[in-house]
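Novice: My structure is below; once you've seen it, I'll send some questions.
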Amino acid sequence: MNRYTEWLEWIAKKVDGRDVSQHMPLPAHLVRRVDAWRHVQAAIIKLFQRKPLKENELGTLQESVRALSEAEAGALIYDYYKDQLLKKGMVILREKIKNEQGSELMNMLGETWDYFFAEILPTLQALMYPLADSSKDIDIRNTTLLEYRNIVVLKVGLKETIDAKKYQVPANIQQMLLILQGLHDPTFLSKEQLDLEKLVACVVVPFLGSRGMYDGGPEPVTKANYRPSLPSVPVPKPKITITDVSADEYNSSMTKTPRLLKPDPHPSLASPSAMRKMYEPSSSHGVISQRLKPVMEDLDVGRRHSIVGT
């Protein structure tokens with residue numbers, strides 16, 4: 017266990033109210049980092065409690081996150097944000113609507129989504145921007161929306177309300193489902209992704225999803241066919257045999273009289289130039305060219321000329 021892991025675990029215990037600093041004393045520079053991280057954690061939780069940041073507080077939080085990420089603790093900070101802070105914040109959002117049903121659930125979930133999408137999410141992206149800027153593998157927006165999908169949307173009675181088909185789905189709920197459907201899930205066709213797809217299919221008609229084409233129901237009317245890729249079969253390399261040919265054999269094969277092509281039984285269908293090339297041998301072989309009868313013949317019929325193929 018390295019010192020950053022120990023430091024992060026110490027932060028978690030410190031925030032939970034159990035001061036273990038006597039058992040694991042920290043240097044002064046680490047104490048300052050701990051204080052900065054505690055400030056960041058408290059600000060994130062306040063956002064989910066709908067408490068706005070103070071004036072110029074966002075810039076201070078960004079500097080704290082930047083300092084922590086530059087101290088080789090960026091990956092640890094991101095893991096703690098994803099596994100601890102986001103889950104705690106999403107539970108706070110869910111608590112107010114988890115027992116609602118029907119149209120009341122639709123209205124409250126829509127209002128929660130509007131505030132989350134317009135206020136909380138942009139602030140979290142700005143606050144954690146230095147962390148995301150330090151690594152291309154960190155996507156604060158995608159990670160935050162995935163937790164909102166898994167902990168809030170799929171943990172309330174939205175499925176039962178939509179399946180009842182007694183209530184009109186508000187526009188903000190439709191927007192929420194479509195945005196969440198377009199997220200990049202780290203697991204291909206995860207259970208959460210398929211559960212959300214069923215909700216979208218009941219709201220958007222028709223809908224083409226991962227499982228196939230939907231027509232207003234939770235099951236596709238035309239299922240997608242996922243065929244496993246065929247194993248690659250090695251193609252054997254052709255065997256090439258090289259034989260020694262003497263100079264006399266080579267010259268003998270080159271001086272043989274070439275075989276004449278068989279004339280076309282319908283010479284009228286061939287052009288004169290093609291017929292000449294057919295019977296015209298190469299001068300290097302010394303073959304006497306053969307004269308052919310003209311393929312076209314003029315017939316004098318008196319007043320007009322006709323061209324008739326022989």
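Under this note's numbering, residues 17 to 326 are what the sequence shown spells out, in order. All residues carry an ideal CB built from backbone N, CA and C; glycine is no exception.
Are the CB atoms of Ile178 and Leu215 within a distance shorter than 8 Å?
Specialist: Yes, the Cβ-Cβ distance between Leu215 and Ile178 is below 8 Å.
Novice: Taking a contact to mean a Cβ-Cβ separation below 8 Å, would you say Leu84 touches Leu140 in this structure?
Specialist: Contact flag unset, no.
Novice: Alpha carbon to alpha carbon, how far is Tyr164 from Leu101? Give it in angstroms, no decimals.
Specialist: Taking the straight line joining both Cα atoms gives about 12 Å.
Novice: Starting from the Cα of Asp173, find the closest Cα among Lys103, Leu161, Lys112, Val56 and give me that residue.
Specialist: Checking the sequence shown, residue 173 turns out to be Gly, not Asp. Here the closest residue by C-alpha is Lys112.
Novice: Whole-angstrom Cβ separation of Met122 and Val185, contact assumed at under 8 Å?
Specialist: That pair is a contact at about 7 Å.
Novice: For Lys182, tell me which candidate among Thr203, Leu210, Val219 has the shortest Cα-Cα distance.
Specialist: Of Thr203, Leu210, Val219, the residue nearest in Cα terms is Val219.
Novice: Let me know the secondary structure DSSP gives Lys62 once reduced to three states.
Specialist: Helix at Lys62.
Novice: What alpha helix (DSSP H) runs, 4 residues minimum, are completely inside the segment 52 to 131?
Specialist: The qualifying runs are 73 to 84, 90 to 96, 102 to 111, 118 to 131.
Novice: Where Asn72 and Glu127 are concerned, what is the direct C-alpha to C-alpha distance, given to the nearest angstrom?
Specialist: Distance between the alpha carbons of Asn72 and Glu127: 27 Å.
Novice: Compare the beta carbon distance of Glu208 and Leu170 with 8 Å and say whether it is the shorter of the two.
Specialist: In this structure, Leu170 lies closer than 8 Å to Glu208 by Cβ.
Novice: So with Cβ pairs under 8 Å, would you call Asp179 a contact of chain B?
Specialist: Reference to chain B is not applicable here, since this structure consists of a single protein chain.
Novice: Sort out for me which residues DSSP pairs Met229 with in a bridge.
Specialist: Answer is Leu224, Thr238.
Novice: Nearest to Tyr131 by CA position, among Arg66, Lys239, Val107, Tyr97, is which residue?
Specialist: Of the listed residues, the one whose Cα sits closest to Tyr131 is Arg66.
Novice: In three-state DSSP terms, what is Lys152?
Specialist: Reduced to three states, the DSSP call for Lys152 is coil.
Novice: Do you know how far the Cα of Leu193 is from the Cα of Tyr230?
Specialist: Cα-Cα distance, rounded: 15 Å.
Novice: Out of Leu161, Lys152, Leu109, point me to the one whose CA is closest to Lys98's CA.
Specialist: Nearest of Leu161, Lys152, Leu109 to Lys98, Cα basis: Leu161.
Novice: How big is the Cα-Cα spacing for Asp153 and Tyr145?
Specialist: About 13 Å.
Novice: Between the alpha carbons of Gln190 and Val168, how many angstroms are there, rounded?
Specialist: Spanning the two alpha carbons is a distance of roughly 15 Å.
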